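Taking this note's numbering, I'd label the letters of the first sequence as residues 471 to 1051.
For reference, the structure discussed in these notes is given below.
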Amino acid sequence: MNSLTEKLTSIVGGAFGACGLPQERGFVRVSDRPDLAQFQCNGAMAAAKQAKKNPREVAQAVVDVLKSDKTFSKLEIAGPGFINLNITDEYLAAHMAETAKDDKLGIATAEKPATIILDYGGPNVAKAMHVGHLRTGIIGESVRRILRFAGYDAKGDVHLGDWGTPMGMLLADPEVYARAGNVDLDDSEAVRDFVDFLGTAYPRAAAAFKENPEIQALAQQKTVLIQNREPEHYRRWKIMRDASVEVIEKNFAALDVSFDLWKGESDVHDLIAPMVGDLKKKHFAVEDDGAIVVPVKRDDDTKEIPPLILYKRDGAVMYGTTDLATILERVRDFGVSRILYFVDQRQSLHFEQVFRAAHITGIAPAGVELVHAGNGTMNGPDGKPFKTRAGGVMRLEDMLAMGVEKARARMEEADLASDFSAAEKEDIARKVAIAAIKFADLQNQRTSDYIFDFDRMTAFEGKTGPYLLYQAVRIKSLLRKACYEPASSPLTIHDEDRPLILLLTQFPDAFAAALNNYAPHHLADYAYKLAQEFSRFYASCHILSEANAAVKESRLALCALTVRTLETALGLLGIAVPERM
RNA sequence: GACCCCGUAGCUCAACUGGAUAGAGCAUCUGCCUUCUAAGCAGAGGGUUGCAGGUUCGAGUCCUGCCGGGGUCGCCA
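Rendered as C-alpha cells:
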C-alpha cells in the first residue's frame, strides 16, 4: 500500500498535470503549520517560476481542479502560493483501516530484494572494547533491521580486525607471547582474564611501538610471521583471536547487536596472493618504492589520493588489502549488490581508495554499490575523540552493568516491581538499560560527532529510551485491562484523536527517510514524537471510563495501532519493549 | 600547506527535494497523582542559527570570503 502523503501526492500531482504543469511539483508533505492545515504542497511556486507565471494563479488553477475531489475538506492558498490541504475524516479513517490490516503498517516491500552486506562493529581483536565501539554496532544493527523490513536480504558482518599490525605489536611483548602460549579456551574464566590482560597490554605495546624503533621492527616482523602462518606465532595469534572473539560476542549479545557473519580480515588471506597476482598481470597493481600498490588517483581530483597499498615493503598486507579481498569474496560468494560500511568518518580517505581500486580493477562490477556510511566520532567531555591509549575510557560492559543497576534501583524506588519475579525484574532492567543507551545514540544524526556523557546515556526521563518504553508499556497495560480484542470497525475521529492519527500516518515517511539515508535517527525522532503525542492523548482522554461504547472501542483500536507502530519503530532501532515496567 | 566535516537556546541535540512563526530534552520557574503506570501531563522564560556579503518571491539549509573548533593527508587500524 501507499503512504498517505504518497496518495495525496499522486492526487495533487495529477492536478498539476491537468494544468499542464510537471506532475512532480505536486509533492505533498505534512504541514509545518498545523494551525493552518494538515498538509501542504509548495510546488506551485517552483512551477510558476519555471513557467514564468504568477504563483498564486498557478496555485489557484491547481486548487480549481482539486475542488472536485472528495478527498479534501479544505483547500486554501496562502502566502506567495502555498497550497494548504485538509482531508476528510472519512478518507483518513479509511486509510487507517487499510494500515491496520497491513502487517507492515503501510511500508512497501522492495521490488528487487537484493543482497546487501553491512559491515559494522569491526572490533579489533587486539584491543579492549570500550564505549567508542558503541556507535558502529548500534547504527549498523538498526540499519540491518531497517533494510530487512524493507524486504532486502541484508546480512551483518562483524568484520573483525584480526590480521594487522596490532596483533604483531602484542606478540612483540614477551609477557604476551608467553601467556598466549597457554590459555585454555574451554575455561571461560581464564579466557576472560586473558582478554583483560590483553586489554591492558595493548596500550603498553602500542606506546613501545611508537617510541622504540627496535620494537617497531620486531612487531612488524611478528606481523609478517603471523600472516605467513609460522606455527608458533600463528598458534598464539589464534588463541588471542579466539579468546577475544568470545568476549566480543558477549559484549555485542548483551546489547542485542547481532551478526549473520563472524568473518574477519584473516578469513580472506588465501584470496590475497592470487588476487594480487591477477592484478599485477593486468597491470592494475604495480611496484612502487618496494611496495605493491594500485594507483587510484584521477585527473579531476582536487586533493592528493595516495595509491592503495596491497603489500608493504616488508611483505605484510594492510587492511586495504583485506578490504579489497573481502569485496572480492562478497561478490563471488554472496552476489552482493551493495556493501555498506559503518565505520568512523575519519576513514573516508581509506574507503575512497578501496572503492576506487575495487571499481577500477573490476573486483566490484559496475552494478555493485559501495557506500561508506560513516559515523561521527564519540568524543570525550573535552570535545576530543576518545583515545584508547589515554586510558579512562569506560568499558562497554561496565557501562551496561551500571545502566542495568540504575534501572533496577528505579523500579524498587517506584515500588512497581514488588510483585514481579526476579527473572522478570532482571529482564526489564536490561531492556530499560539497552533502550537508554541505544536511544541516546540513535537520536543523533549518524554523521555528526557527539559528546559521550554517561549520565545522559543512562537517563530515564525526557527524550530517552525508557520514556518510549514507558509509553508503550502504558498502552499494553491499558489494552490488557480493557481485554481488548481487535475489531474491524472504522475509527470514529474526534478532535482529540486527530493529531495522533495524523502522526500515525507518517510512519512510512519516517521509515523511508531512515532507509534512504541509512539514518536511524529519523525513526528515533518519529518514535519519540509518537510517544509524546500518545502521552498527550492519554492524559486528555480517559479511555476505560468512556461512556460512549463506540468512542471507547475506537480509542482502544487507536491505542492498539499506536503501540504496534511504536513497538515496530523501536524494533527497527534494535530496542525491545517489555510487557510492563 | 592541501582537502574534508562542524559552528543553532546556559548545556546536549533536531529541523524532510531551499518554504510560512527555527523545534525537543536537560537545567530554571509555575501548576497537576481518592480515574487507565507521575519513568508522566499542562504552562513560562530562554535565539541577530559564528561573522560579513551574495543568489531568490523566500536561506539554519545554496555560493564567496573571514573567524573559531575537529579531522585526514603512502608502508597503523
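Where a beta carbon is used, it is the ideal one built from N, C-alpha and C, also for glycine.
The model shown is predicted, which means the values in this text are computed figures rather than measured ones.
For Phe909 and Ala903, the gap between their C-alpha atoms comes out near 10 Å. For Glu757, the three-state secondary structure derived from DSSP is strand. One thing to note: Ile587 has its Cβ within 9 Å of the Cβ of Phe804. Short of 7 Å from the beta carbon of Leu970, and not among the five residues preceding or following it, lie these beta carbons of its own chain, in chain order: Glu1003, Phe1004, Phe1007, Leu1028, Thr1032. Residue nearest to Ala620 within the set Gly837, Val824, Ala982 is Ala982 (criterion: CA-CA distance).
Contact between the region 542-557 and the region 674-681 is absent: fewer than three C-beta pairs spanning the two stretches fall below 8 Å. Using a Cβ distance threshold of 9 Å, Glu611 and Ser736 do not count as a contacting pair.
Boundaries of the alpha helix (DSSP H) harbouring Ala871: 866-884, taken from the DSSP string. The alpha carbon of Gly747 has as its nearest neighbour, out of Trp732, Val763, Gly734, the alpha carbon of Val763. Comparing C-alpha distances from Met639 to each of Asp573, Asp726, Met710, Asp627 shows the shortest one belongs to Met710.
For the set Leu972, Ile696, Trp633, Val628, the Cα lying nearest the Cα of Pro504 is the one of Leu972.
Gln510 and Arg499 do touch by the CB rule: their CB atoms are close to 6 Å apart, below 8 Å. The beta-bridge partner set that DSSP reports for Phe509 consists of Val500, Leu555. Membership of Lys782 in any beta strand (DSSP E) is not indicated, and neither H nor E is assigned to it by DSSP. The three-state reading of DSSP puts Phe542 in strand, counting E and B together. The bridge partners DSSP lists for His629 come to none. Counting only residues of its own chain and dropping the five nearest sequence neighbours on each side, Arg618 has a CB closer than 6 Å to the CB of Ala624.
With a 10 Å radius around the Cβ and a threshold of 16 neighbouring Cβ atoms, Gly651 comes out exposed. Excluding sequence positions up to five before and after Phe679, its CB lies within less than 7 Å of the CB of Met639, Ile685, Gln686, Ala689, all in the same chain and listed in chain order. Only residues of its own chain outside the window of five on either side were considered, and among them Ala899 have a CB closer than 6 Å to the CB of Arg878, listed in chain order. Per DSSP, Asp572 lies in no beta strand (DSSP E) segment and is marked neither H nor E.
In the three-state reduction of the DSSP assignment, Arg944 falls in the helix class, which pools H, G and I. For the set Glu702, Val841, Thr558, the Cα lying nearest the Cα of Asn986 is the one of Val841.
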